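Below is one structure, written out as structure tokens; comments come after it.
Protein chains in written order, with my numbering: chain E, 1 to 257; chain P, 258 to 514; chain R, 515 to 771.
Shown next, in the form of structure tokens:
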């Protein structure tokens with residue numbers, strides 16, 4: 001099969017930016033198959049993009065190239081990275097987006113993308129998705145060799161994954177993301193916590209096996225699909241009812257205590 | 258040609274859920290072609306999804322597999338259905354989404370999808386789109402036999418299509434859906450009604466052949482593309498001007514009276 | 515490779531309209547590849563669509579067929595155009611959408627699409643995307659001859675591109691579009707202007723090479739990716755901070771003065 005390219009941007013759907021990236025890719029790699037991961041990440045929110053990428057990576061076919069363009073530093077001297085794990089490869093600005101993708105498999109090779117022979121000319125100051133990322137992705141999808149992209153990178157931007165803290169028999173965590181349904185995805189792992197969950201000190205409820213185990217309109221915690229505890233309201237929105245936001249503190253009992 | 262899979266969900270575009278489903282499908286059925294029907298159905302609104310599916314089905318190629326994931330009961334004991342009409346096949350939770358799809362052609366075979374050998378393990382409690390629907394769709398797209406999915410279903414959830422009532426020379430109907438342009442799609446058939454249309458007793462106007470037959474800003478009724486009368490405002494939004502909502506009463510004269 | 519069809523509509527993502535167009539295309543041209551340019555153009559905003567099309571066209575592969583359906587006159591006597599430049603071809607209502615696409619390359623041939631043998635029957639009064647544009651696009655994608663569409667058109671709807679005016683050493687322009695990030699795209703060309711940019715007489719700042727050349731939260735002008743000056747706020751939204759809208763006056767010094 002031809003190469004699979006998975007796109008993650010904050011370009012939204014109103015502007016033609018994502019379509020233009022696809023045009024550039026297909027002009028240079030007509031056989032490429034392109035899948036959208038998401039283009040509605042909050043503008044320039046690198047952590048939200050890193051979280052979505054981390055969620056998506058394990059489920060894509062071996063050989064998929066993830067192209068992630070959330071790029072507040074576009075046009076500046078920020079670098080561009082290509083990385084490869086055992087199963088996948090990645091193209092992204094060197095700003096931390098790739099920070100959590102390695103949780104699905106460590107990078108075996110990382111390069112700084114500097115070979116501007118591969119770029120669309122003239123390179124604009126504001127749209128490297130079109131002028132840099134798309135043509136480099138097409139080069140790779142068409143069978144180009146990664147060694148031509150640039151030299152091996154010795155360091156790059158990462159931010160720590162926010163692990164929960166344990167204190168006095170309690171596990172203290174945070175809200176990592178809010179999804180479309182208003183579920184608050186936490187950084188707590190179901191096996192590590194027990195008892196009643198709290199969101200900003202307000203009681204949510206105990207861990208249930210699935211949404212319908214709570215009465216309609218009632219809050220509950222469930223083991224979410226990303227491997228973390230999610231706070232939900234059955235047939236409703238936890239985010240709306242609890243005014244929840246990314247970064248809010250959450251807590252539960254320490255299962256190991 | 259390779260199999261065509263048409264996806265209808267309420268997952269939206271901000272989260273990576275639809276992209277992840279595509280990743281799972283393409284990992285197992287690399288040749289599959291995937292088309293989005295809509296992912297912005299109001300969260301957990303089964304009737305809105307059933308209406309969209311009914312609108313879309315007749316226009317897709319023979320052999321298309323429609324995968325519909327609007328699933329408030331995800332993780333509970335609700336069943337999963339596979340169904341086949343003469344032209345298409347369907348995969349959906351057993352919650353009524355498929356209720357109106359049969360209007361495009363009766364189901365010839367319906368099965369309860371129970372063979373968890375086909376699912377992604379572990380099956381999460383909250384994302385069967387990824388863990389159940391996508392891998393089963395891939396199995397079918399790759400040529401798998403439907404008889405392996407599970408036993409024939411003897412009954413399943415349907416809700417009645419809301420047919421208009423006729424009383425004292427008037428046809429009494431309802432608003433089935435509001436589209437992006439603010440048109441209110443009713444359950445009235447153009448040939449069955451006459452005279453002036455009313456929305457919640459307020460006069461809208463007579464049936465016109467097309468939008469531009471009314472003056473700009475004026476309300477009118479037109480024969481809509483789904484085969485039902487639509488209430489519209491030329492170069493404007495009927496929903497905004499008339500504060501229209503799904504379920505509102507509409508009426509006209511009985512053409513047969 | 516099989517034909518590439520690029521879709522630009524104002525149908526949004528909530529309704530199944532775009533999915534239905536793809537169903538119709540793939541039923542008649544199963545090998546066609548389809549790319550979305552944008553479906554979130556403001557409803558019935560022909561100029562916004564013309565601008566997006568102008569931005570996108572140069573970046574798509576030779577042979578791409580652009581199908582643009584922003585069509586407030588649907589169902590009326592408004593015509594339908596097929597046009598061909600050296601690299602691309604186009605299908606659109608005769609309402610001005612194609613007005614600026616020629617800036618990427620002059621049309622060599624324009625036809626009025628009148629051969630209703632190619633349409634889906636019955637043709638609805640409200641959804642020519644499904645009944646006219648999709649089947650005609652499929653006919654062309656499957657190798658059909660454009661001469662069968664209809665006779666050569668001798669005239670069609672265009673609106674002038676709003677060129678800046680020069681007066682007393684100043685260049686007076688306008689905001690052409692606002693993008694998702696809140697950047698205001700003007701009709702000023704970087705090489706033609708100098709000095710400090712103003713938006714509705716309020717000082718924005720001088721032209722910088724890229725966003726990060728300004729301090730966070732500060733306004734600046736940058737050479738945008740469409741070849742025009744864009745007014746921006748670093749790590750923020752120019753549109754929000756300056757209450758900018760399409761059509762607002764902007765000005766700078768005349769570089770030639």
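Built from N, CA and C at the ideal position, the CB exists for glycine as well.
Since the model is a prediction, treat every value here as computed from it, not as a measurement.
Got a sec? Which residues, its chain only, sit under 8 Å from residue i by beta carbon, not counting five neighbours each side?
{"i": "residue 555(R)", "result": "522, 523, 524, 562, 563, 566, 584"}
{"i": "residue 433(P)", "result": "308, 419, 442, 443, 444, 485, 503"}
{"i": "residue 465(P)", "result": "471, 477, 478, 479"}
{"i": "residue 376(P)", "result": "388, 389, 392, 393"}
{"i": "residue 706(R)", "result": "678, 685, 768, 769, 770"}
{"i": "residue 239(E)", "result": "178, 182, 183, 184, 245"}
For residue i, which residues of its own chain have a beta-carbon under 6 Å away from its beta-carbon, when the five flanking residues on both sides are left out?
{"i": "residue 454(P)", "result": "461, 478, 509"}
{"i": "residue 514(P)", "result": "426"}
{"i": "residue 406(P)", "result": "339, 368, 370, 372"}
{"i": "residue 194(E)", "result": "253, 255"}
Looking at the secondary structure, which residues open and close the alpha helix (DSSP H) in which residue i lies?
{"i": "residue 280(P)", "result": "274-285"}
{"i": "residue 53(E)", "result": "46-56"}
{"i": "residue 254(P)", "result": "Because chain P in this structure spans residues 258 to 514, residue 254(P) falls outside the shown range and cannot be described."}
{"i": "residue 239(E)", "result": "238-242"}
Got a sec? Which residues, its chain only, sit under 7 Å from residue i by beta carbon, not counting five neighbours each side?
{"i": "residue 415(P)", "result": "353, 356"}
{"i": "residue 593(R)", "result": "608, 626"}
{"i": "residue 534(R)", "result": "644"}
{"i": "residue 237(E)", "result": "181, 182"}
{"i": "residue 34(E)", "result": "5, 7, 22, 25"}
{"i": "residue 46(E)", "result": "70, 95, 96, 97"}
{"i": "residue 557(R)", "result": "524"}
By the 10 Å Cβ neighbour count, where 16 or more other Cβ atoms means buried, how is residue i classified, buried or exposed?
{"i": "residue 130(E)", "result": "buried"}
{"i": "residue 440(P)", "result": "buried"}
{"i": "residue 392(P)", "result": "buried"}
{"i": "residue 536(R)", "result": "buried"}
{"i": "residue 293(P)", "result": "buried"}
{"i": "residue 259(P)", "result": "exposed"}
{"i": "residue 321(P)", "result": "buried"}
{"i": "residue 383(P)", "result": "buried"}
{"i": "residue 249(E)", "result": "exposed"}
{"i": "residue 381(P)", "result": "buried"}
{"i": "residue 103(E)", "result": "exposed"}
{"i": "residue 91(E)", "result": "buried"}
{"i": "residue 481(P)", "result": "buried"}
{"i": "residue 374(P)", "result": "exposed"}
{"i": "residue 661(R)", "result": "exposed"}
{"i": "residue 395(P)", "result": "buried"}
{"i": "residue 234(E)", "result": "buried"}
{"i": "residue 665(R)", "result": "exposed"}
Can you give me the start and stop residues for the beta strand (DSSP E) that residue i sits inside?
{"i": "residue 604(R)", "result": "603-607"}
{"i": "residue 480(P)", "result": "476-480"}
{"i": "residue 197(E)", "result": "193-199"}
{"i": "residue 77(E)", "result": "Careful: residue 77(E) lies outside any beta strand (DSSP E) and carries neither H nor E."}
{"i": "residue 523(R)", "result": "518-523"}
{"i": "residue 488(P)", "result": "486-490"}
{"i": "residue 552(R)", "result": "547-552"}
{"i": "residue 759(R)", "result": "Residue 759(R) -> no beta strand (DSSP E), and no H or E assigned at all."}
{"i": "residue 160(E)", "result": "From DSSP, residue 160(E) is part of no beta strand (DSSP E); its letter is neither H nor E."}
{"i": "residue 185(E)", "result": "184-186"}
{"i": "residue 323(P)", "result": "322-326"}
{"i": "residue 838(R)", "result": "Given a span of 515 to 771 for chain R in the structure shown, any question on residue 838(R) remains unanswerable."}
{"i": "residue 460(P)", "result": "459-462"}
{"i": "residue 366(P)", "result": "366-369"}
Below 8 Å on the Cβ atoms is my guess for residue i versus residue j; work out the distance and round it to an integer in Å.
{"i": "residue 342(P)", "j": "residue 365(P)", "result": "6 Å"}
{"i": "residue 488(P)", "j": "residue 456(P)", "result": "6 Å"}
{"i": "residue 27(E)", "j": "residue 575(R)", "result": "4 Å"}
{"i": "residue 212(E)", "j": "residue 330(P)", "result": "5 Å"}
{"i": "residue 270(P)", "j": "residue 13(E)", "result": "7 Å"}
{"i": "residue 530(R)", "j": "residue 312(P)", "result": "6 Å"}
Any heavy atom of the ligand MG inside 7 Å of the beta-carbon of residue i?
{"i": "residue 157(E)", "result": "Absence of the ligand MG is noted for the structure shown, with no ligands found whatsoever."}
Answer yes if the segment 662-672 of chain R comes into contact with the segment 680-691 of chain R, meaning at least three C-beta pairs across the two stretches below 8 Å, and no otherwise. no
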